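Chemist:
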Amino acid sequence: MIGFILRRLMSIGVTFIIVSMIIFLMMHAIPGGPFDGGDMPMPPAVRATLMERYGLDQPLYMQYFKYMAGVVRLDFGIPFQSPGETVLELLGRAWVPSLVLGGLGVLIGTPLGILLGIAAALRRNTWVDYLASAVATLGLTIPVFVTSMLLILVFAVWLNWFPSSGWGSPDRWVLPIIAYATIPMATYARYTRSAMLDTLNKPFVTVLRAKGLSETRIIYQHVLRNSAIPMVTVFLPMFIGTATGSIFVEAMFRVPGLGAYFVSSIRTRDYPLEMALMLMLTVMFCLAYLISDILYAWLNPRMKHGGRKQ
Amino acid sequence: MTAALELRGLCKTYPIRERGGLLPRYRDLPVVRDVNLVVARNSIVGLVGESGSGKTTTGMMALRLTEPSAGRILVSGHDITDLSPQALKPYRAKMQVVFQDSYSALDPMFTLAQIVAEPLHIHGIGSASEQTQTALDWLERVGLHRSYGQRYPHELSGGQRQRVAIARALILRPDVLIADEPTSALDVSVKAQIINLLRDLQEEMGLSILFISHDLSVVRSLTDKVAVMFNGRIVEEAPTEGIFAAAQHPYTRSLLDAIPVLNPRDRRARIFRSREELEADIPRISAATTGLARNATPALVPHAPGHQFEAIVE
Ligand SMILES: Nc1ncnc2c1ncn2[C@@H]1O[C@H](COP(=O)(O)OP(=O)(O)O)[C@@H](O)[C@H]1O
Ligand SMILES: [Mg+2]
Chain A
1 MIGFILRRLM SIGVTFIIVS MIIFLMMHAI PGGPFDGGDM PMPPAVRATL MERYGLDQPL
61 YMQYFKYMAG VVRLDFGIPF QSPGETVLEL LGRAWVPSLV LGGLGVLIGT PLGILLGIAA
121 ALRRNTWVDY LASAVATLGL TIPVFVTSML LILVFAVWLN WFPSSGWGSP DRWVLPIIAY
181 ATIPMATYAR YTRSAMLDTL NKPFVTVLRA KGLSETRIIY QHVLRNSAIP MVTVFLPMFI
241 GTATGSIFVE AMFRVPGLGA YFVSSIRTRD YPLEMALMLM LTVMFCLAYL ISDILYAWLN
301 PRMKHGGRKQ
Chain B
1001 MTAALELRGL CKTYPIRERG GLLPRYRDLP VVRDVNLVVA RNSIVGLVGE SGSGKTTTGM
1061 MALRLTEPSA GRILVSGHDI TDLSPQALKP YRAKMQVVFQ DSYSALDPMF TLAQIVAEPL
1121 HIHGIGSASE QTQTALDWLE RVGLHRSYGQ RYPHELSGGQ RQRVAIARAL ILRPDVLIAD
1181 EPTSALDVSV KAQIINLLRD LQEEMGLSIL FISHDLSVVR SLTDKVAVMF NGRIVEEAPT
1241 EGIFAAAQHP YTRSLLDAIP VLNPRDRRAR IFRSREELEA DIPRISAATT GLARNATPAL
1301 VPHAPGHQFE AIVE
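Those sequence lines, one after another, are chains A and B.
FYI, in the numbering used here the residues of the first sequence are 1 to 310.
FYI, in the numbering used here the residues of the second sequence are 1001 to 1314.
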């Protein structure tokens, strides 16, 4: 197990370096630069000074090595769009809305989805099942910005129950949390239903019935336990994916979270911030998958005792 | 003495959706038709027939895991056909089952000790530690070391898993064991070991076994009586030697022909016949010479003591 983890950590390191190079190249391949002006063109002399100050006049590989040398010391530079703070400070600030809204969305959507999936599996081919399937299919096929728009239209514009956007007071959180929750809910509803039906059709369940174990106990003591493994392992990557901020949800509800900075950093060629965001995402996903794999092995006797097979 | 298990006129039909048409139309497909079968106390009865002949469905109905469309199920003389799940629970302890696929028959998340002890737990017999001890005793009894209690199903071979399934089935000391092709997925040598184990346990415990198999040769060394099933019906029933020495029904004979023999000179000319051909080839016997009452539709007619087969008497 230790060997497995070490090997995986090494491969994460390699992934990190490769991804950093690709992102750096792609970032600079986009035409234009941070000090091109746009609305207010800068005098060439000022622009040259700024370029020199931020080292943008140096060859690309030098810029890359300088940046990565900083990364090793956890120095991700200064964001061009907000030079009063470091990238790290900006990220620390932007994390909060994304984590709160996305995290709550996942934490609310996941149990709802699991319950929906269980209900659907237990009442197979009844209206409960069809309703759950409809909810799951709609949740997965309607793009989240459409969901967001509908939520704003119904609950903010028509019913006037909640404010339509912003960050700050918790009543502004409700609609984006619902928007976030639809995806984990739909995913888990489908997942749970199929995992449970899979297990329910196994002969060991038939044997348990033959032994006189009640249907409820069969579900709670055996079926859920067997279905839980895949459900546990998809959780972390999904949590990371949602909690790092959906560009669309944050844009629709004007939430100043990570998702918003993804867009603005690319638009304004804010290289240090863009790089930091992408690297952070890479590391988090790699770690999420690593932890999921460890959890999977730990929960599953087939993996845990694989070595002693005879 | 009442039989351990008795099936009376058991039938099962499944609704089959007809092809075509806008609105769904269903047709009833009979898969088990009027099965009468007695498993006497302390005996092993073989239920043999090709795949799809309705053996598993019959076994599942006997266990009340599939609801019969018609007919009665009697366990030790008690009619359990209409019992509610609660009323059925004590009878569940009296009847157990072993399936062909030993791997999916054991919950992969549980240790063998937990799996074997679970029936005791379900029926609230003994304390937790007593349950584990009994489970380990049973592992030993089916030929596995006690240390196997800590292992998981995937760590065992198919034969070992089938031993675990047998231990789990017998730990409640049931009267009836329904073994649905328990050896069909195993190698020849392992197959013989499992058959021997079942025979030994049957003798020690005075168990009654309904042994389901598609292979007549497996049944020969084990059973007291054989019922041959074809297309949902029992077409011949006889003491085991009667089947092997004097099979009357053409379907039974075709099953006998399918048994591989080592010596080529012993091999009978094999004739493979389709279901339709066999279905059309119903034995006809003369009422005049046998003294039997005439019947125009096929029915079981007596041939020798305990031996009957399906025929038309004319
Ligand atoms: N749930 C079901 N719905 C429809 N047909 C079924 C169902 N279960 C079994 N059958 C059909 O019943 C017939 C008998 O099946 P089975 O009892 O499993 O036979 P065997 O065990 O002898 O191979 C088969 O043709 C099978 O397709
Ligand atoms: Mg079968």
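The beta carbon of each residue, even a glycine, is placed where N, CA and C say it ideally should be.
Just so we're clear, the structure is a prediction, and the values are computed from it rather than from any experiment.
So that I know if they touch, is there some Cβ in chain B lying closer than 8 angstroms to that of A/Leu197?
Modeler: no
Chemist: Would the segment 275-294 of chain A and the segment 1031-1040 of chain B be scored as touching if the rule is three or more Cβ pairs under 8 angstroms?
Modeler: Using a Cβ-Cβ distance cut-off of 8 angstroms, the segment 275-294 of chain A and the segment 1031-1040 of chain B are not in contact, since fewer than three pairs of beta carbons, one from each stretch, lie closer than that value.
Chemist: Let me check understanding here. Comparing Cα to Cα, which of B/Arg1064, B/Arg1199, B/Arg1025 and B/Asn1231 lies closest to B/Ser1053?
Modeler: B/Asn1231
Chemist: Return yes when the Cβ of A/Gly102 is within less than 8 angstroms of the Cβ of A/Ala251, no when it is not.
Modeler: no
Chemist: Is the beta carbon of A/Ala181 closer than 8 angstroms to that of A/Gly105?
Modeler: yes
Chemist: Counting along the chain, where does the beta strand (DSSP E) carrying A/Gly117 start and finish?
Modeler: Where A/Gly117 is concerned, there is no enclosing beta strand (DSSP E), although the alpha helix (DSSP H) it sits in stretches over Val87 to Leu122.
Chemist: At a CB-CB cut-off below 9 angstroms, which residues of chain B make contact with A/Asn125?
Modeler: The premise fails here: A/Asn125 is roughly 13 angstroms from chain B at the closest Cβ pair, so nothing lies under 9 angstroms.
Chemist: Cβ of B/Tyr1026 versus every heavy atom of ligand 1: is any distance shorter than 7 angstroms?
Modeler: Incorrect: B/Tyr1026 has no Cβ contact closer than 7 angstroms to ligand 1.
Chemist: At which residue ranges does the segment 1061-1146 of chain B contain complete alpha helix (DSSP H) runs of 4 or more residues, listed in the order of the chain?
Modeler: 1085-1092, 1112-1122 and 1128-1141
Chemist: Cβ closer than 7 angstroms: which chain A residues qualify as neighbours of B/Ile1122?
Modeler: Lys211, Gly212 and Leu213
Chemist: From the beta carbon of A/Val157, is the nearest beta carbon of chain B less than 8 angstroms away?
Modeler: no
Chemist: Using the Cα positions of B/Ala1296 and B/Pro1283, report the straight-line distance between them to the nearest angstrom.
Modeler: 12 angstroms
Chemist: Flag A/Thr216 as yes if its beta-carbon sits less than 8 angstroms from any beta-carbon of chain B, otherwise no.
Modeler: no
Chemist: Thinking C-beta only, is A/Pro34 closer than 8 angstroms to A/Asp198?
Modeler: no
Chemist: Counting only the same chain and skipping the five closest in sequence on each side, list residues whose C-beta sits under 8 angstroms from that of B/Met1229.
Modeler: Val1035, Leu1047, Val1048, Gly1049, Ser1053, Gly1054, Lys1055, Thr1058 and Val1235
Chemist: Assuming B/Thr1111 and B/Gln1150 make a contact with CB atoms under 8 angstroms, what is their CB distance in whole Å?
Modeler: 6 angstroms
Chemist: Please report the distance separating the alpha-carbon of B/Leu1216 from that of A/Ala189.
Modeler: 47 angstroms
Chemist: For B/Leu1210, decide whether its Cβ has a neighbour in chain A, counting only Cβ atoms nearer than 8 angstroms.
Modeler: no
Chemist: Take A/Gly307 and list the residues in its own chain whose beta-carbon comes closer than 7 angstroms to its own, dropping the five residues that flank it on each side.
Modeler: With a pLDDT of only 43 at A/Gly307, under 50, the local geometry of the prediction cannot be trusted, and no value is derived from it.
Chemist: Throw me the rounded Cβ distance for the B/Ala1105 and B/Ala1165 pair, which I believe falls under 8 angstroms.
Modeler: 5 angstroms
Chemist: In the segment 217-241 of chain A, which residues sit with their C-beta less than 7 angstroms from some C-beta in chain B, listed in chain order?
Modeler: Listed in sequence order: His222, Arg225 and Asn226.
Chemist: Given a threshold of 16 other Cβ atoms within 10 Å of its Cβ, counted over all protein chains shown, does A/Leu9 qualify as buried or as exposed?
Modeler: exposed
Chemist: Along chain A, which residues have their Cβ under 8 angstroms away from the Cβ of B/Ser1104?
Modeler: Lys202, Pro203 and Phe204
Chemist: Should A/Met231 be labelled buried (16 or more other beta-carbon atoms within 10 Å of its own) or exposed?
Modeler: buried
Chemist: What's the gap between the Cα of A/Ala297 and the Cα of B/Ala1192?
Modeler: 36 angstroms
Chemist: Is B/Glu1050 near ligand 2, with its Cβ less than 7 angstroms from a heavy atom?
Modeler: no
Chemist: According to DSSP, is B/Ala1293 part of a helix, a strand, or is it coil?
Modeler: Coil at B/Ala1293, not helix or strand.
Chemist: Count the other C-beta atoms from every protein chain shown that fall within 10 angstroms of the C-beta of A/Ala136, then say buried if there are 16 or more, exposed otherwise.
Modeler: buried
Chemist: Under the criterion of a Cβ to heavy atom distance below 7 angstroms, does B/Asp1101 qualify as lining ligand 2?
Modeler: no
Chemist: Would you kindly report the start and end of the unbroken alpha helix (DSSP H) that includes B/Tyr1014?
Modeler: Here B/Tyr1014 belongs to no alpha helix (DSSP H); instead the beta strand (DSSP E) covers Leu1005 to Arg1017.
Chemist: Hey, how far is the Cα of A/Trp161 from the Cα of A/Val100?
Modeler: 21 angstroms
Chemist: Quick one: is A/Pro34 near chain B, going by C-beta distance under 8 angstroms?
Modeler: Not closer than 8 angstroms to any Cβ of chain B, the Cβ of A/Pro34 fails to qualify, so no.
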